[in-house]
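**Student:** Got a structure for you, questions after.
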Amino acid sequence: MMYFNQHFDKTKLRLFITWLLNRLGGWQTIHALERFKKLGFGYATRAGVSLGVDDLSAPPLKMGFVDATSKFVQSSFSGQSIGSEKAQRVIDSWSGASEVLKDAVVDHFLHTDPLNPIYMMAFSGARGSLTQVRQLVGMRGLMVDPMGNILTLPVQHSFREGLTVTEYMLSCYGARKGLVDTALRTAKSGYLTRRLVDVAQDVLVRRIDCGTQNGILLSDLKTPEGVLLRPLNKRLLGRVLLPSNQIIDAQLAESLSSKKEVLVRSPLTCRPNLGTGSPDVCQLCYGWNLARGKTVQVGEAVGILAAQSIGEPGTQLTMRTFHTGGAVAGQKSSRLRASKAGRLCFLKKVPGALVRTSVGELGFIVYQTSYFSIFTSTNNRIERLDYKVPAGTCLLVRHGQWIRRFQDLAFWPLSKDNTNPVLNQYKSGTGLNAQWIYSSKSKETVKPIWLLSGSSSTRLNQNSFLGDKIINGEIHTQCTLFEGSDLQKIEKLELKVPLGNYIFERTGLRKQKISLNTGRVTSWQRNWLGLRKAQRTLVNTHNLKNSSKATFNLKNEGNWLPRGTFLGFFVYTTPISGDIVQGLPRIDALFEARSSTGLADHMISTFNGLVEKGLNSREATKAAFTAIQERLICRIQEAYLDQGVQIDDKHLEVIVRQMTSKVLINYSGDSPCIPGDLIPLEEAEAFCAALKALGLEELTYEPTLIGITKSALQKQGFLSPASFQDTIRVLLRCSLEAQQDPVRGLKEHVILGQSLPSGTGHRASQLFN
Ligand SMILES: [Zn+2]
Numbered sequence: 001m002m003y004f005n006q007h008f009d010k011t012k013l014r015l016f017i018t019w020l021l022n023r024l025g026g027w028q029t030i031h032a033l034e035r036f037k038k039l040g041f042g043y044a045t046r047a048g049v050s051l052g053v054d055d056l057s058a059p060p061l062k063m064g065f066v067d068a069t070s071k072f073v074q075s076s077f078s079g080q081s082i083g084s085e086k087a088q089r090v091i092d093s094w095s096g097a098s099e100v101l102k103d104a105v106v107d108h109f110l111h112t113d114p115l116n117p118i119y120m121m122a123f124s125g126a127r128g129s130l131t132q133v134r135q136l137v138g139m140r141g142l143m144v145d146p147m148g149n150i151l152t153l154p155v156q157h158s159f160r161e162g163l164t165v166t167e168y169m170l171s172c173y174g175a176r177k178g179l180v181d182t183a184l185r186t187a188k189s190g191y192l193t194r195r196l197v198d199v200a201q202d203v204l205v206r207r208i209d210c211g212t213q214n215g216i217l218l219s220d221l222k223t224p225e226g227v228l229l230r231p232l233n234k235r236l237l238g239r240v241l242l243p244s245n246q247i248i249d250a251q252l253a254e255s256l257s258s259k260k261e262v263l264v265r266s267p268l269t270c271r272p273n274l275g276t277g278s279p280d281v282c283q284l285c286y287g288w289n290l291a292r293g294k295t296v297q298v299g300e301a302v303g304i305l306a307a308q309s310i311g312e313p314g315t316q317l318t319m320r321t322f323h324t325g326g327a328v329a330g331q332k333s334s335r336l337r338a339s340k341a342g343r344l345c346f347l348k349k350v351p352g353a354l355v356r357t358s359v360g361e362l363g364f365i366v367y368q369t370s371y372f373s374i375f376t377s378t379n380n381r382i383e384r385l386d387y388k389v390p391a392g393t394c395l396l397v398r399h400g401q402w403i404r405r406f407q408d409l410a411f412w413p414l415s416k417d418n419t420n421p422v423l424n425q426y427k428s429g430t431g432l433n434a435q436w437i438y439s440s441k442s443k444e445t446v447k448p449i450w451l452l453s454g455s456s457s458t459r460l461n462q463n464s465f466l467g468d469k470i471i472n473g474e475i476h477t478q479c480t481l482f483e484g485s486d487l488q489k490i491e492k493l494e495l496k497v498p499l500g501n502y503i504f505e506r507t508g509l510r511k512q513k514i515s516l517n518t519g520r521v522t523s524w525q526r527n528w529l530g531l532r533k534a535q536r537t538l539v540n541t542h543n544l545k546n547s548s549k550a551t552f553n554l555k556n557e558g559n560w561l562p563r564g565t566f567l568g569f570f571v572y573t574t575p576i577s578g579d580i581v582q583g584l585p586r587i588d589a590l591f592e593a594r595s596s597t598g599l600a601d602h603m604i605s606t607f608n609g610l611v612e613k614g615l616n617s618r619e620a621t622k623a624a625f626t627a628i629q630e631r632l633i634c635r636i637q638e639a640y641l642d643q644g645v646q647i648d649d650k651h652l653e654v655i656v657r658q659m660t661s662k663v664l665i666n667y668s669g670d671s672p673c674i675p676g677d678l679i680p681l682e683e684a685e686a687f688c689a690a691l692k693a694l695g696l697e698e699l700t701y702e703p704t705l706i707g708i709t710k711s712a713l714q715k716q717g718f719l720s721p722a723s724f725q726d727t728i729r730v731l732l733r734c735s736l737e738a739q740q741d742p743v744r745g746l747k748e749h750v751i752l753g754q755s756l757p758s759g760t761g762h763r764a765s766q767l768f769n
């Protein structure tokens with residue numbers, strides 16, 4: 001007898017049921033589930049879990065913490081950030097705060113009241129999520145406006161405490177957006193499902209083996225920028241391996257995942273039944289029916305399965321804004337904070353480039369995994385803390401800098417848009433001397449522009465880099481910073497900063513001491529430092545990361561400028577909290593192969609390139625199709641995975657195959673086709689072969705990418721297209737062409753009232769045929 005002594009939440013239970021199903025089969029599992037249900041209902045009745053207002057207890061540190069964050073946000077504006085960067089900084093601080101608070105809420109429940117009904121409900125996974133608990137007892141946090149922009153004023157109270165009038169008004173935007181989206185977007189995603197169903201409803205499994213030896217090469221699914229979307233072992237599960245025709249189960253998928261590429265059969269390469277024009281898939285090309293974890297049965301309507309698998313998440317996700325009430329959930333770059341105060345040292349050269357970060361600070365993007373250490377001294381003993389950061393990390397600290405406890409050292413993006421896509425272009429000549437980590441030799445980098453204050457005018461100087469050799473000297477004894485008007489006194493100074501060099505604000509000069517002003521050192525004596533206040537502006541020549549890009553007119557260098565002179569402007573992007581409402585139009589554009597996606601153009605240029613290389617049009621068409629199929633699947637997966645939706649590639653392949661199966665006739669030759677006709681590739685090939693054999697002039701064609709609507713309307717026959725949309729046009733065209741309907745799909749059978757050619761009706765339909 002098996003015995004599991006552990007806590008079963010929804011995820012565990014799901015795993016357990018899968019385990020049962022794999023081990024004992026369907027019948028036994030049903031019995032087990034029946035007993036689960038009895039057990040669950042029984043104990044749920046006895047427990048009598050209910051909800052009272054006293055159960056909503058906030059963690060004690062909350063108000064102090066919120067106040068501290070709000071003070072920090074108010075104090076941390078520096079003169080150099082532009083509007084959007086200030087906003088970004090505020091958003092970062094608050095979303096960080098509400099994350100911390102969320103953890104505090106969980107901690108509080110766990111330690112004071114582990115049987116709290118709210119806590120139990122959220123953690124069982126049955127109802128509600130942590131985001132909702134956070135809103136109930138923590139703080140509601142940042143809200144979005146109807147355009148998806150994040151409002152910089154957060155709702156600091158929770159539902160338990162009650163919202164102030166201002167907070168209530170702030171919440172309104174998101175709440176209303178939730179309502180409107182649910183009402184309007186469900187219709188849009190429903191229409192997407194309908195189109196998908198219409199384009200794929202006649203795709204059925206009708207044969208066991210089409211006998212093809214063609215397949216697709218699967219590897220880790222990555223974006224063109226190299227971000228992993230789906231690992232190979234997940235993509236392999238339930239496929240059929242070529243050339244052995246062996247089905248890949250979880251175990252085999254795992255062992256194959258070490259390979260770079262694996263050739264498998266796919267609905268994309270299934271050989272169609274010539275003459276019938278039907279888009280069937282054979283059992284082996286399809287592989288597993290993912291609902292059962294077994295080879296798909298002959299007669300399964302895999303087209304409908306694909307359409308529903310792709311359409312359903314859209315409907316689901318439209319309601320997400322509604323459930324969260326417009327509160328911004330998570331989505332933060334992860335930050336590395338110093339665990340102890342001390343001095344930071346880079347031990348090796350770090351290649352990278354300077355950037356202006358999204359909050360207007362100077363950052364340094366590292367091109368490879370880098371290491372640094374913080375040296376702290378406690379009780380006269382030097383302690384060393386080592387840090388390792390991956391490539392693409394943005395460092396916020398320099399060599400030799402004093403670090404405060406919890407100071408941000410670096411951040412690295414979690415989402416794919418932030419991974420540095422320009423890695424390779426910047427590799428040359430950027431080896432940095434670790435001693436002066438900011439003395440980058442790379443040309444494409446951030447340049448600071450210093451606006452030095454004068455009595456009535458400002459001097460512009462862009463020759464020096466920010467913080468250049470600022471840590472040239474050592475600070476041995478205490479130094480104090482005073483803020484003056486133009487001059488800043490630092491008493492007991494033993495800092496050896498050369499005259500004319502710059503010091504910038506928030507630089508850790510020594511333990512617990514940061515400079516308050518940015519400025520240029522004008523004089524220094526034993527006891528004080530003269531600082532001429534300066535305003536620093538960083539200019540990115542290239543738009544690395546999501547930072548702002550600036551165009552500056554630098555002709556004025558070294559000139560005296562009157563106040564208010566136009567220097568240049570910033571181009572920046574503001575972060576938008578992405579939800580499916582933003583995602584749906586993107587998915588729609590891809591499935592409809594709209595010109596905005598650039599996919600069709602890309603395919604034609606690939607095709608032309610291959611023809612120029614000397615391939616015949618048949619091979620070039622096939623290669624162009626393969627390339628575009630891969631790209632299309634990748635783009636669609638990207639859009640869905642953005643929302644955390646996992647869809648198996650197989651479903652997408654079934655749909656994409658419908659979009660990439662036809663060619664456009666350029667020249668008809670001696671064939672019965674007309675230029676502009678769209679016919680299946682196989683048909684065009686057959687025509688060519690026949691014409692060649694007869695010694696007649698061959699036709700020429702090129703690949704086309706057809707959107708799902710057009711593809712559904714282009715189908716052979718009139719029953720299915722006419723009942724889809726544009727009925728009059730379809731009927732007119734079909735009657736002019738004297739089209740016959742082969743009555744192969746599900747829709748046609750429904751319309752004619754025949755038994756469906758799928759499932760158990762499959763055999764009947766074969767007999768009938
Ligand atoms: Zn096949």
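When we follow full-length UniProt numbering, the leftmost residue of the sequence shown carries the number 1, and every step to the right adds one. Built from N, CA and C at the ideal position, the CB exists for glycine as well.
Under the rule that 16 or more other beta-carbon atoms within 10 Å means buried, what is S171, buried or exposed?
**Tutor:** The residue labelled residue 171 in the question sits at position 171 within the sequence shown. S171 comes out buried.
**Student:** Between the beta-carbon of L396 and the beta-carbon of R337, is there less than 8 angstroms?
**Tutor:** As a working mapping, residue 396 is identified with position 396 in the sequence shown. As a working mapping, residue 337 is identified with position 337 in the sequence shown. Against a cut-off of 8 angstroms, the Cβ pair of R337 and L396 comes out as no contact.
**Student:** Using the beta carbon as the reference atom, which residues fall closer than 5 angstroms to any heavy atom of ligand 1, ordered along the chain?
**Tutor:** Taken from the N-terminal end onward, the list reads C210, C270, C282, C285.
**Student:** In angstroms with no decimal places, state the Cα-to-Cα distance between H651 and R586.
**Tutor:** Counted from its first residue, the sequence shown places residue 651 at position 651. Counted from its first residue, the sequence shown places residue 586 at position 586. Computed Cα separation, rounded: 18 angstroms.
**Student:** Rounded to a whole number of angstroms, what is the C-alpha to C-alpha distance between Q74 and V155?
**Tutor:** Translated into positions along the sequence shown, residue 74 becomes position 74. Translated into positions along the sequence shown, residue 155 becomes position 155. Cα-Cα distance, rounded: 16 angstroms.
**Student:** Out of curiosity, what's the CA-to-CA distance linking T212 and A686?
**Tutor:** Stepping through the sequence shown from its first residue, residue 212 is reached at position 212. Stepping through the sequence shown from its first residue, residue 686 is reached at position 686. Straight-line Cα distance between these residues: approximately 17 angstroms.
**Student:** Given 8 angstroms as the limit, is there contact between the region 293-312 and the region 198-210, that is, 3 or more CB pairs closer than that?
**Tutor:** With the cut-off at 8 angstroms, the region 293-312 and the region 198-210 touch.
**Student:** Between the Cα of Q740 and the Cα atoms of L756, K715, S755, R635, which residue gives the shortest distance?
**Tutor:** Along the sequence shown, read from residue 1 onward, the residue named residue 740 stands at position 740. It is K715 whose Cα lies nearest to the Cα of Q740.
**Student:** Given 8 angstroms as the limit, is there contact between the region 262-269 and the region 237-244, that is, 3 or more CB pairs closer than that?
**Tutor:** They touch, by the three-pair rule.
**Student:** Determine the DSSP secondary structure at G303, reduced to helix, strand or coil.
**Tutor:** For the purposes of this step, residue 303 is identified with residue 303 of the sequence shown, where counting begins at 1. Residue state, collapsed to three classes: helix.
**Student:** Shortest alpha-carbon distance to Q658 belongs to which of A690, P680, C673, Q646?
**Tutor:** If you number the sequence shown from 1, residue 658 lands on position 658. Among A690, P680, C673, Q646, the Cα nearest to that of Q658 is on P680.
**Student:** Give me the Cβ distance between V663 and P721, rounded to the nearest whole Å; I'm assuming they're in contact under 8 angstroms.
**Tutor:** In the sequence shown, the residue the question calls residue 663 occupies position 663. In the sequence shown, the residue the question calls residue 721 occupies position 721. Contact doesn't hold; Cβ gap of about 20 angstroms is too wide.
**Student:** Using only the alpha-carbon positions, how far apart do G40 and G25 sit?
**Tutor:** Along the sequence shown, read from residue 1 onward, the residue named residue 40 stands at position 40. Along the sequence shown, read from residue 1 onward, the residue named residue 25 stands at position 25. Cα to Cα, the separation comes out at about 22 angstroms.
**Student:** When you compare each of F411, L344, K348, T369 to Q401 by their alpha carbons, which one comes out closest?
**Tutor:** In the sequence shown, counting from the first residue as 1, residue 401 sits at position 401. Taking only the C-alpha atoms, the option nearest Q401 is L344.
**Student:** For K388, name the three-state secondary structure that DSSP assigns.
**Tutor:** Position 388 of the sequence shown holds residue 388. DSSP places K388 in strand when its eight states are reduced to three.
**Student:** Return yes when at least one heavy atom of ligand 2 lies under 7 angstroms from the C-beta of V53, else no.
**Tutor:** This structure lacks ligand 2; the ligands present are ligand 1.
**Student:** Give the straight-line distance between the Cα atoms of Q6 and T29, rounded to the nearest whole angstrom.
**Tutor:** Translated into positions along the sequence shown, residue 6 becomes position 6. Translated into positions along the sequence shown, residue 29 becomes position 29. Each residue's alpha carbon lies about 20 angstroms from the other.
**Student:** Using a threshold of 8 angstroms, state whether the C-beta atoms of S671 and L699 are closer than that.
**Tutor:** What you label residue 671 is simply residue 671 of the sequence shown in a count that begins at 1. What you label residue 699 is simply residue 699 of the sequence shown in a count that begins at 1. It is a contact, given that the beta carbons lie within the stated cut-off.
**Student:** Roughly how many angstroms separate the alpha carbons of D198 and C285, rounded to a whole number?
**Tutor:** Counted from its first residue, the sequence shown places residue 198 at position 198. Counted from its first residue, the sequence shown places residue 285 at position 285. Taking the straight line joining both Cα atoms gives about 22 angstroms.
**Student:** Straight-line CA distance for residue 803 to H157?
**Tutor:** A question about residue 803 goes unanswered here, because the residues of the chain that appear run from 1 up to 769.
**Student:** For the candidate residues V106, Q283, L237, S219, whose alpha-carbon lies nearest to that of C210?
**Tutor:** Within the sequence shown, numbered from 1, the residue matching residue 210 stands at position 210. The shortest Cα separation from C210 among V106, Q283, L237, S219 belongs to Q283.
**Student:** Under the assumption that L713 contacts T660 (Cβ atoms under 8 angstroms), give the Cβ distance between them as a whole number of angstroms.
**Tutor:** Counting from one through the sequence shown, the residue named residue 713 turns up at place 713. Counting from one through the sequence shown, the residue named residue 660 turns up at place 660. In fact, because the Cβ distance is near 16 angstroms, the residues do not count as touching under 8 angstroms.
**Student:** Compute the Euclidean distance between the alpha carbons of Q643 and S617, then round it to the nearest angstrom.
**Tutor:** Stepping through the sequence shown from its first residue, residue 643 is reached at position 643. Stepping through the sequence shown from its first residue, residue 617 is reached at position 617. Cα to Cα, the separation comes out at about 39 angstroms.
**Student:** If you draw a straight line from the alpha carbon of F72 to that of D92, how long is it in whole angstroms?
**Tutor:** As a first step, residue 72 is located in the sequence shown; it is residue number 72 there, counting from the start. As a first step, residue 92 is located in the sequence shown; it is residue number 92 there, counting from the start. One C-alpha to the other measures close to 12 angstroms.
**Student:** Quick one: residues in its chain with C-beta nearer than 6 angstroms to the C-beta of L756, no 5 flanking neighbours on either side, listed in chain order?
**Tutor:** As a position in the sequence shown, residue 756 is number 756, starting the count at 1. Taken in chain order, the residues that qualify are L746, H749.
**Student:** Please name the residue in L130, F724, V656, G717 whose C-alpha comes closest to that of R733.
**Tutor:** Here residue 733 corresponds to residue number 733 of the sequence shown, with the count starting at 1. Here the closest residue by C-alpha is G717.
**Student:** Where does M2 land, buried or exposed, given buried means 16+ other C-beta within 10 angstroms?
**Tutor:** Here residue 2 is taken as the residue at index 2 of the sequence shown, counted from 1. Answer is exposed; the Cβ neighbour count stays below 16.
**Student:** Note down the Cα distance separating R635 from A44, rounded to an integer number of angstroms.
**Tutor:** In the sequence shown, counting from the first residue as 1, residue 635 sits at position 635. In the sequence shown, counting from the first residue as 1, residue 44 sits at position 44. So the two alpha carbons sit approximately 45 angstroms from each other.
**Student:** Would you list, in sequence order, the uninterrupted alpha helix (DSSP H) runs of no fewer than 4 residues that lie entirely inside the UniProt domain "RNA polymerase Rpb1" (85-147)?
**Tutor:** Here the runs fully enclosed are 117-124, 130-137.
**Student:** Using DSSP with H/G/I as helix, E/B as strand and the rest coil, what is I647?
**Tutor:** As a working mapping, residue 647 is identified with position 647 in the sequence shown. Reduced to three states, the DSSP call for I647 is coil.
**Student:** Rounded to whole angstroms, what's the CA-CA distance from I674 to L696? Just pull it up for me.
**Tutor:** Translated into positions along the sequence shown, residue 674 becomes position 674. Translated into positions along the sequence shown, residue 696 becomes position 696. If I take the Cα positions, the gap works out to 16 angstroms.
**Student:** Can you list, in chain order, the stretches of the alpha helix (DSSP H) that have 4 or more residues and sit fully within the region 680-741?
**Tutor:** Taking only runs of at least 4 residues, the alpha helix (DSSP H) segments lying wholly in the region 680-741 are 681-693, 708-713, 719-722, 727-736.
**Student:** Would you check if there are 3 or more beta carbon pairs closer than 8 angstroms linking the region 128-144 to the region 98-108?
**Tutor:** With the cut-off at 8 angstroms, the region 128-144 and the region 98-108 touch.
**Student:** From Y168, K349, E300, P313, pick the residue whose C-alpha is nearest to that of G583; which is it?
**Tutor:** For the purposes of this step, residue 583 is taken as residue 583 along the sequence shown, with counting starting at 1. The candidate whose alpha carbon is nearest that of G583 is P313.
**Student:** Express the C-alpha separation of L21 and M139 in angstroms, rounding to a whole number.
**Tutor:** In the sequence shown, residue 139 corresponds to position 139, counting from 1. In the sequence shown, residue 21 corresponds to position 21, counting from 1. C-alpha separation (whole angstroms): 42 angstroms.
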